[in-house]
Amino acid sequence: MKKSDFNYQLPEHLIAQYPLQNRAASRLLTLNRSSGQLSDKHFCDFIDLLDASDILVFNDTKVIPARLFGTKASGGKVEILIERIQDEHHAIAHVKASKAAKAGAVINLDKNYKCEVQGRVDDLFELRFMGNDSILQILEQIGHIPLPPYIERTDDENDLNRYQTVYAKQVGAVAAPTAGLHFDLAMMDKIAEKGIASTFVTLHVGSGTFQPVRVENLADHLMHKEFYAVSQTTVDEINKARANGGRVIAIGTTSVRALESASVSGQLQSGFGDTDLFITPGYTFKSVDALLTNFHLPESTLLMLISAFAGYESVMDAYQHAIDQSYRFFSYGDAMFIAD
23 MKKSDFNYQL PEHLIAQYPL QNRAASRLLT LNRSSGQLSD KHFCDFIDLL
73 DASDILVFND TKVIPARLFG TKASGGKVEI LIERIQDEHH AIAHVKASKA
123 AKAGAVINLD KNYKCEVQGR VDDLFELRFM GNDSILQILE QIGHIPLPPY
173 IERTDDENDL NRYQTVYAKQ VGAVAAPTAG LHFDLAMMDK IAEKGIASTF
223 VTLHVGSGTF QPVRVENLAD HLMHKEFYAV SQTTVDEINK ARANGGRVIA
273 IGTTSVRALE SASVSGQLQS GFGDTDLFIT PGYTFKSVDA LLTNFHLPES
323 TLLMLISAFA GYESVMDAYQ HAIDQSYRFF SYGDAMFIAD
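The opening position of the sequence shown corresponds to residue 23 in this note's numbering, with each subsequent residue numbered one higher.
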């Protein structure tokens with residue numbers, strides 16, 4: 023298949039610019055993998071679609087306030103987006119300026135913080151943050167939540183809480199695992215009360231998740247890398263649920279990528295590392311039986327992943343239905359549940 027096969031026309035007003043007041047107030051479109059049947063529901067109905075034998079797999083990554091603003095010695099404005107923290111004082115980042123920053127250049131940040139450009143790695147820059155405070159401490163002081171490019175506003179105080187799942191724990195993402203944004207603490211309690219098992223994987227979502235596929239032939243696309251970790255405890259819990267006839271339900275495409283990356287041998291195994299797994303139609307899923315996800319950008323790798331999971335025609339029909347019914351799209355938008 024080609025990139026253009028995954029294009030669709032989305033009215034701009036359906037791109038959610040703000041979250042709903044209540045996390046669980048979103049709408050939910052269900053798609054049956056076998057029949058392609060669609061049903062319009064609300065997210066609060068999600069728990070009724072679960073069986074007691076199922077296991078939900080959440081991504082517990084935590085978004086860092088990874089966007090910084092500063093100036094060069096010349097006075098030119100600079101915008102920094104941390105992609106990956108290497109240690110307490112070094113990071114790999116996107117650096118946006120009128121002229122590309124050169125090695126040795128010092129960038130002045132708010133509250134007298136400074137960082138030095140040490141070199142380049144492809145399209146990214148190696149930065150050294152100066153002073154005694156660690157990068158995380160600096161970000162806590164002056165960082166901004168890195169809202170996706172299609173949210174056409176500056177971040178505000180509300181985003182600190184709402185662009186983060188209620189179960190976020192492992193620091194390192196620069197984009198949220200957005201399917202998890204629909205869960206509030208009350209929903210998590212109801213899931214536990216129903217006796218439905220939950221477990222966690224970690225995949226630190228990078229800014230590459232928003233990068234467009236630039237080649238028409240998908241075989242030529244170079245997938246971005248993201249760190250993932252799957253514990254032996256999670257493997258054991260999933261195997262137990264499967265042995266009892268339960269479904270493995272991934273909460274978000276990032277959980278899918280973590281589970282499937284840990285299953286490249288054909289069997290789910292514990293492990294960690296960088297994954298550049300690119301899932302497209304024709305892929306055989308090894309560890310995921312059902313998927314809760316948001317609506318994704320045209321021609322994106324995430325739309326390709328869910329098309330591989332649910333079938334290309336069914337997914338494209340579902341997206342057209344969502345547009346016709348005025349569902350809210352992307353990070354702060356509504357959800358879709360794909361299951362048999």
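Positions of the beta carbon are idealized from the N, C-alpha and C atoms, including for glycine.
Chain-order list of residues whose beta-carbon lies under 7 Å from that of residue i (same chain, five-residue window excluded)
i: G267; result: S75
i: A332; result: L53, R55 and I360
i: Y40; result: Y354
i: A340; result: L51, L53, L60 and M358
Reference residue i, options the options, closest by Cα
i: L299; options: C137, A284, L290 and G97; result: A284
i: V227; options: K247, G97 and G165; result: K247
i: K94; options: G126, E105, N81 and I104; result: G126
i: F294; options: V257, I328, A312 and G230; result: V257
i: F352; options: P33, S26 and M23; result: P33
i: I273; options: K63, A265, V193 and M210; result: M210
i: F68; options: I86, S48, T83 and V85; result: S48
i: C66; options: K212, V310 and Q291; result: K212
i: A219; options: V193, Q192 and E259; result: E259
i: I102; options: N134, V139 and D70; result: V139
i: H111; options: I160, S277 and R184; result: I160
Beta-carbon contacts of residue i that lie in its chain and below 6 Å, excluding the five residues immediately before and after
i: I107; result: A113 and I157
i: H243; result: V235 and V237
i: Y250; result: L225, A280, S283 and T297
i: T275; result: T315, L324 and L327
i: I104; result: A88, A113 and A115
Contacts around residue i, its chain only, beta-carbon distance under 8 Å, and the 5 residues preceding and following it disregarded
i: M206; result: Per the sequence shown, the amino acid found at residue 206 is Asp instead of Met. Same-chain partners within the cutoff: N44, R45, A46 and V188.
i: A123; result: K94, V100, V117, I129, V139 and F147
Buried versus exposed call for residue i [16 or more other C-beta atoms within 10 Å across all chains shown]
i: L149; result: buried
i: M286; result: Before going on, a small fix: residue 286 reads as Val here, not Met. Exposed, because fewer than 16 other Cβ atoms sit within 10 Å of the Cβ of V286.
i: T255; result: exposed
i: S96; result: exposed
i: R175; result: exposed
i: N81; result: buried
i: H204; result: buried
i: P171; result: exposed
i: T323; result: buried
i: K25; result: buried
i: D311; result: buried
Which whole runs of the alpha helix (DSSP H) in the region 236-283 are 4 residues long or more, in chain order?
-> 254-265 and 275-283
Quick one: which unbroken alpha helix (DSSP H) runs of 4-plus residues sit fully inside the region 143-199? Chain order, please.
-> 157-164 and 179-184
At least three beta-carbon pairs within less than 8 Å, the region 84-91 to the region 164-171 = yes
Spell out a yes or no on whether the region 348-358 and the region 316-323 are touching, meaning 3 or more CB-CB pairs, one atom from each, closer than 8 Å.
-> yes
Where are the alpha helix (DSSP H) runs, 4 residues long or more, that stay fully inside the region 284-341, in chain order?
-> 323-332
Note down, one range per segment and in chain order, each beta strand (DSSP E) of at least 3 residues found wholly within the region 60-96.
-> 60-64, 77-81, 83-85 and 89-93
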